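Going by full-length UniProt numbering, 596 is the number at position 596 of the sequence shown; the sequence numbering is gapless.
All residues carry an ideal CB built from backbone N, CA and C; glycine is no exception.
Note that this is a predicted model, so its numbers are computed, not measured.
Beneath this line is the structure, given in structure tokens, with notes to follow.
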Amino acid sequence: MAPVKRKGPGDTVGVAQISPEGITGLDDEMEVQLLGAGQEVGRSCCVIRYKGRTIVCDAGVHPAFSGMAALPFLDELDWSTVDAILITHFHLDHAACLTYVMEKTNFKEGNGVVYMSHPTKAVYRYLMSDFVRVSTAGSDDNLFTESEMLASFDQIQSFDFEQEILLPPSSTSSASVRFTSFAAGHVLGACMFLIEVAGARVLYTGDYSTEEDRHLVPAKVPNWERPPDVMICESTYGVQSHEPRLEKEAQFTNLVRSILKRGGRVLLPVFALGRAQELLLILDEYWAEHPELQHIPIYYVSSLAIKCMDVYRQYIHTMSPNVRSKFARGINPFDFKRKDSFIRPLDRGISKLNDRNPCVVMASPGFLTSGVSRELLEKWAPDPRNGLIITGYSVEGVMARTIMNEPTEIAALNGGAKIARRLSVDYISFSAHVDYTQNSKFIDEVMPSHLILVHGEVNNMSRLRAALKTRFAERKNDVQIYTPRNVETVKLKFRGERMAKALGSLAQTALTPATPLSGLLVSKDFSYTLLSPADLREFTGLSTSLILQRQRLALSVSWDLVRWHLQGMYGKIKEGRDAEGTPTMRVMETVDVKMTDKHELAIEWVGGVTNDMIADSVLAVVLGIEGSPASVKKTTDDHPHHHSHPHPYAEAPTPPATTDEPEAAKMEDEEAAVLPTRLDRLIAFLDSYFGQVELIRPEELSTPPANGDVAHEADVDVKGVAEETAVKVEADESEPAEKVEDKAEAEAEREAAKERKRLEDERQRPRAPVIRVKLDEHWADVKVEDLTVVSDYTPLQRRVESVVQIAMAIVTPLSALAPGKGSAKAPTLADDLHKVKKRVAENGSALPAVQEEAASA
Ligand SMILES: [Zn+2]
Ligand SMILES: [Zn+2]
Numbered sequence: 001m002a003p004v005k006r007k008g009p010g011d012t013v014g015v016a017q018i019s020p021e022g023i024t025g026l027d028d029e030m031e032v033q034l035l036g037a038g039q040e041v042g043r044s045c046c047v048i049r050y051k052g053r054t055i056v057c058d059a060g061v062h063p064a065f066s067g068m069a070a071l072p073f074l075d076e077l078d079w080s081t082v083d084a085i086l087i088t089h090f091h092l093d094h095a096a097c098l099t100y101v102m103e104k105t106n107f108k109e110g111n112g113v114v115y116m117s118h119p120t121k122a123v124y125r126y127l128m129s130d131f132v133r134v135s136t137a138g139s140d141d142n143l144f145t146e147s148e149m150l151a152s153f154d155q156i157q158s159f160d161f162e163q164e165i166l167l168p169p170s171s172t173s174s175a176s177v178r179f180t181s182f183a184a185g186h187v188l189g190a191c192m193f194l195i196e197v198a199g200a201r202v203l204y205t206g207d208y209s210t211e212e213d214r215h216l217v218p219a220k221v222p223n224w225e226r227p228p229d230v231m232i233c234e235s236t237y238g239v240q241s242h243e244p245r246l247e248k249e250a251q252f253t254n255l256v257r258s259i260l261k262r263g264g265r266v267l268l269p270v271f272a273l274g275r276a277q278e279l280l281l282i283l284d285e286y287w288a289e290h291p292e293l294q295h296i297p298i299y300y301v302s303s304l305a306i307k308c309m310d311v312y313r314q315y316i317h318t319m320s321p322n323v324r325s326k327f328a329r330g331i332n333p334f335d336f337k338r339k340d341s342f343i344r345p346l347d348r349g350i351s352k353l354n355d356r357n358p359c360v361v362m363a364s365p366g367f368l369t370s371g372v373s374r375e376l377l378e379k380w381a382p383d384p385r386n387g388l389i390i391t392g393y394s395v396e397g398v399m400a401r402t403i404m405n406e407p408t409e410i411a412a413l414n415g416g417a418k419i420a421r422r423l424s425v426d427y428i429s430f431s432a433h434v435d436y437t438q439n440s441k442f443i444d445e446v447m448p449s450h451l452i453l454v455h456g457e458v459n460n461m462s463r464l465r466a467a468l469k470t471r472f473a474e475r476k477n478d479v480q481i482y483t484p485r486n487v488e489t490v491k492l493k494f495r496g497e498r499m500a501k502a503l504g505s506l507a508q509t510a511l512t513p514a515t516p517l518s519g520l521l522v523s524k525d526f527s528y529t530l531l532s533p534a535d536l537r538e539f540t541g542l543s544t545s546l547i548l549q550r551q552r553l554a555l556s557v558s559w560d561l562v563r564w565h566l567q568g569m570y571g572k573i574k575e576g577r578d579a580e581g582t583p584t585m586r587v588m589e590t591v592d593v594k595m596t597d598k599h600e601l602a603i604e605w606v607g608g609v610t611n612d613m614i615a616d617s618v619l620a621v622v623l624g625i626e627g628s629p630a631s632v633k634k635t636t637d638d639h640p641h642h643h644s645h646p647h648p649y650a651e652a653p654t655p656p657a658t659t660d661e662p663e664a665a666k667m668e669d670e671e672a673a674v675l676p677t678r679l680d681r682l683i684a685f686l687d688s689y690f691g692q693v694e695l696i697r698p699e700e701l702s703t704p705p706a707n708g709d710v711a712h713e714a715d716v717d718v719k720g721v722a723e724e725t726a727v728k729v730e731a732d733e734s735e736p737a738e739k740v741e742d743k744a745e746a747e748a749e750r751e752a753a754k755e756r757k758r759l760e761d762e763r764q765r766p767r768a769p770v771i772r773v774k775l776d777e778h779w780a781d782v783k784v785e786d787l788t789v790v791s792d793y794t795p796l797q798r799r800v801e802s803v804v805q806i807a808m809a810i811v812t813p814l815s816a817l818a819p820g821k822g823s824a825k826a827p828t829l830a831d832d833l834h835k836v837k838k839r840v841a842e843n844g845s846a847l848p849a850v851q852e853e854a855a856s857a
């Protein structure tokens, strides 16, 4: 789609772009299918399907046909799936098959709602009663009865212009639908619809007019935040142009005047409602300005229109400033019974009409297909003094269209006898539809990505399409234009561009291109807001609540063992008692591990994405305790040091299981000094794998050890291994000397011997602190500094390397990695060295005393 970027309201509001897929997956297809008004004028009925929702705009009949033939192609749609039918205005070609749809299709079986504006609904009722009366007269091909019309009438919902209506939710689709109506000019109550389905926007214009007139507010492009993606637009007049209004009015009044002057009668066939009101206002005004005409009667023959004048009076507040100001001065322009009016309404046919002398008669129907207008045409056609003025658009196949070709005779409605036509025929368009200039200007202002032309005859439509294409090409606007036939489905693939406004503290971040902004995406009333969770309540009124999660587990190991594993995983933990006095360990300030019973443990945390993740890992750690090799080691190994040193927890807070302090919920920080360091844990880990592990520091080797266990043991071990290796080296050296005389090989052998010597030196006197792993006669040193491994035996080296890798992944506390918790940079193992050194000085051991703990478990 054509991206149109608009600034959000307010300067402090940043606008962030959301990936469309990130929200609703907007790559779906929208389908627009015309059941009528596809390359024709009449029986408007447009189906919009998107995201499982179905909206129908208009349900009209074709004025050139009668009975079933006049209906749109209703069978193409399963009407029970329709969410809403929106009626733009009361004209028969937009509203007259609504009763049929509501009463005679399976629409009733669904949950669809019908909407029309208040004035449309008020007029619709009278108009449909009249439609039933006219269409059933002398015909048994009636579509529905008046009682059926009245039965469905009460189910029609009405709305005010610009009122936003949210459709009831659907049971089959999560997509939400809302629509807003905007004044369309054209006739009283006519509107266009801006329909939004899951964020995709469709403007359905219906019939519309942007021309100022006496009584209606013209259509204007609304001041919307974002242009519609799709515009379904009428194209009645194609590329034709209307004459300027004042010239047209002068032409009209002059024509009426000249017909009257030659002693003729003027016939104005009109739709009962719509342009008729405008023409009456023009004539009334003209008569008032021309006293010489005032003895000539202007008849307005329409019982329907007269009934509807009440509606017009009622909705004066929705009309033009001209009408409203007259009304404010006490003049009701639609009250033709008032003293100063020259209009004579006739609500009981033409029996009271005196046409012996010149007169003006406005009568319906506008198409001259039947009724009063046709009756008068047939009566007046032979007299050349008389004149017929067609003022509106006529569809193909109706008398109003046929007679414009000025045939010498016309067919009488009853019996088909030929009647001579000598009366003059003129066409002055007072159409309330846009012409090319108005339509193209309006489309330019809307600037949709897709334009679907409807409500136009094929030639008008294709000319309009060609003209618009040229226009768009010149401006390099990439607008797709479609002119579907009836029943044809237009499939629109478009990606909706979604905007989210960043509010609150997020909006204060200076945005640069390609900088991601993260926050909570709040979708409300079709708009998206990006917020910091802290601002949620202030900006959205949404309240937050906490969910306390609780998991109970059977515990078969000791509380101390649980602590040991948790500390290993998360580093520092707080320990104490909760409000109920239950011994509790708090992990990473979020998850509480509680000893609820001797053989039961509960894990509690406040629900949330991060917290749930931590709780999951705590759960995994606790569940994994029994099977862990370290645990096994802990409970079975009799480490040589375990009796000789006080365990490092000696100065720790009293173990929770035996604490009787009533001070509830107060967590004490464990002293960092008594926690096993990562180095301790690495050593313990390697120990659990290999059995014989020790920490060797060069500075201790250089000075004679003062009876320290570690140094002593190291000393002994080093000697032992050195002797074994020496023997082996001798044996190795003797072999090649006997078998091979090759110089190169001897050279290689010397190199190997050098390497062995280097390794032996390394073993005897490491240059930096190492953790030494011994396996039978082999050894491997893990350098504390960078965790590289040196060994005299490659398989052992590999094995130690992989164990170190696993160990480091496990012994690095999550707290050191979690953002916002602890420092971003974890201390290196070398940093741990001084702590260990301190402990050795105090306790004589480099290893944490976990085994001691296990023994007591
Ligand atoms: Zn219309
Ligand atoms: Zn229409």
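{"Check": "Residue burial classification, Asn106 (beta-carbon count within 10 angstroms, cutoff 16)", "Outcome": "exposed"}
{"Check": "Nearest neighbour of His599, chosen from Arg563, Val557, Glu580, Trp564 [CA to CA]", "Outcome": "Val557"}
{"Check": "Whole beta strand (DSSP E) elements within the segment 442-507, 3-residue minimum", "Outcome": "450-454, 480-482, 489-493, 498-502"}
{"Check": "Residues near Arg385 in its chain [Cβ-Cβ closer than 6 Å; skip 5 each side]", "Outcome": "Arg262, Gly263, Gly264"}
{"Check": "Three-pair Cβ contact test at 8 Å for the segment 425-442 versus the segment 197-217", "Outcome": "yes"}
{"Check": "Simplified DSSP state of Trp605, which is helix, strand or coil", "Outcome": "strand"}
{"Check": "Quiz: which residues have CB nearer than 5 Å to ligand 1 non-hydrogen atoms", "Outcome": "His91, Asp207"}
{"Check": "Of the residues Leu695, Asp742, Glu762, the one placed nearest Val773, counting alpha carbons only", "Outcome": "Leu695"}
{"Check": "Buried versus exposed call for Asn223 [16 or more other C-beta atoms within 10 Å across all chains shown]", "Outcome": "exposed"}
{"Check": "Cβ distance (whole Å) where Leu601 is taken to contact Leu531 below 8 Å", "Outcome": "That belief does not hold up - the Cβ atoms of Leu601 and Leu531 are roughly 38 Å apart, past 8 Å."}
{"Check": "Limits of the unbroken alpha helix (DSSP H) element including Ile48", "Outcome": "Careful: Ile48 lies outside any alpha helix (DSSP H), inside the beta strand (DSSP E) at 45-50."}
{"Check": "Helix, strand or coil at Cys308 [DSSP, three-state]", "Outcome": "helix"}
{"Check": "Distance between Met309 and Met362 (C-alpha atoms, nearest Å)", "Outcome": "15 Å"}
{"Check": "Short Cβ contact (8 Å threshold) for Ala514 with Leu682", "Outcome": "no"}
{"Check": "Classification of Ser171 by the beta-carbon crowding that lies within 10 angstroms, buried from 16 upward", "Outcome": "exposed"}
{"Check": "Glu670 versus Val606: straight-line alpha-carbon distance, rounded", "Outcome": "Its pLDDT being 41, under 50, Glu670 is placed unreliably by the model, and the measurement read from it follows with that caveat. Rounded to whole angstroms, Glu670 to Val606 spans 23 Å at the Cα level."}
{"Check": "Any non-hydrogen atom of ligand 2 within 7 Å of Asp340 CB", "Outcome": "no"}
{"Check": "Coarse secondary structure for Thr54, derived from DSSP in three states", "Outcome": "strand"}
{"Check": "Gly371 - DSSP class collapsed to helix/strand/coil", "Outcome": "helix"}
{"Check": "Rounded straight-line distance, which links the Cα of Ile481 to that of Val490", "Outcome": "11 Å"}
{"Check": "Sub-8 Å separation of Asp141 and Gly67 beta-carbons", "Outcome": "yes"}
{"Check": "Through-space distance from Leu368 to Gly397, alpha-carbon basis", "Outcome": "11 Å"}
{"Check": "Proximal residues to Leu546 (C-beta, below 8 Å), its chain only, five neighbours per side dropped", "Outcome": "Val606, Gly607"}
{"Check": "Ala510 (DSSP reduced to helix, strand or coil)", "Outcome": "coil"}
{"Check": "Exposure of Lys121, with buried meaning 16 or more beta-carbon neighbours within 10 Å", "Outcome": "buried"}
{"Check": "Euclidean distance between Cα positions of Ala857 and Glu626", "Outcome": "With a pLDDT of 31 at Ala857, under the threshold of 50, the modelled position of that residue is not reliable, and the figure given next carries that caveat. Rounded to whole angstroms, Ala857 to Glu626 spans 13 Å at the Cα level."}
{"Check": "His450 burial status per 10 Å Cβ neighbour count (16 or more: buried)", "Outcome": "buried"}
{"Check": "Cβ-Cβ distance between Pro452 and Ile195 below 8 Å", "Outcome": "Strictly speaking, residue 452 in this sequence is Ile, with Pro absent from that position. Result no, Cβ atoms of Ile452 and Ile195 do not sit closer than 8 Å."}
{"Check": "Thr584: first and last residue of the uninterrupted alpha helix (DSSP H) it sits in", "Outcome": "Here Thr584 belongs to no alpha helix (DSSP H); instead the beta strand (DSSP E) covers 583-587."}
{"Check": "Supposed close pair Val454, Gly38 - CB separation, criterion 8 Å", "Outcome": "7 Å"}
{"Check": "Between the CA atoms of Glu604 and Ala664 - distance to the nearest angstrom", "Outcome": "With a pLDDT of 35 at Ala664, under the threshold of 50, the predicted position of this residue should be treated as unreliable, though the coordinate-derived value follows. Answer to the nearest angstrom: the Cα atoms are 16 Å apart."}
{"Check": "CB contact flag (residue 870, Tyr393, <8 Å)", "Outcome": "A question about residue 870 goes unanswered here, because the residues of the chain that appear run from 1 up to 857."}
{"Check": "heavy atom of ligand 2 below 7 Å from Asp93 C-beta", "Outcome": "yes"}
{"Check": "Range covered by the beta strand (DSSP E) that runs through Tyr427", "Outcome": "424-427"}
{"Check": "Check whether Glu445 and Leu413 have beta carbons under 8 Å apart", "Outcome": "no"}
{"Check": "N-terminal and C-terminal residue of the beta strand (DSSP E) that Ile419 is part of", "Outcome": "418-420"}
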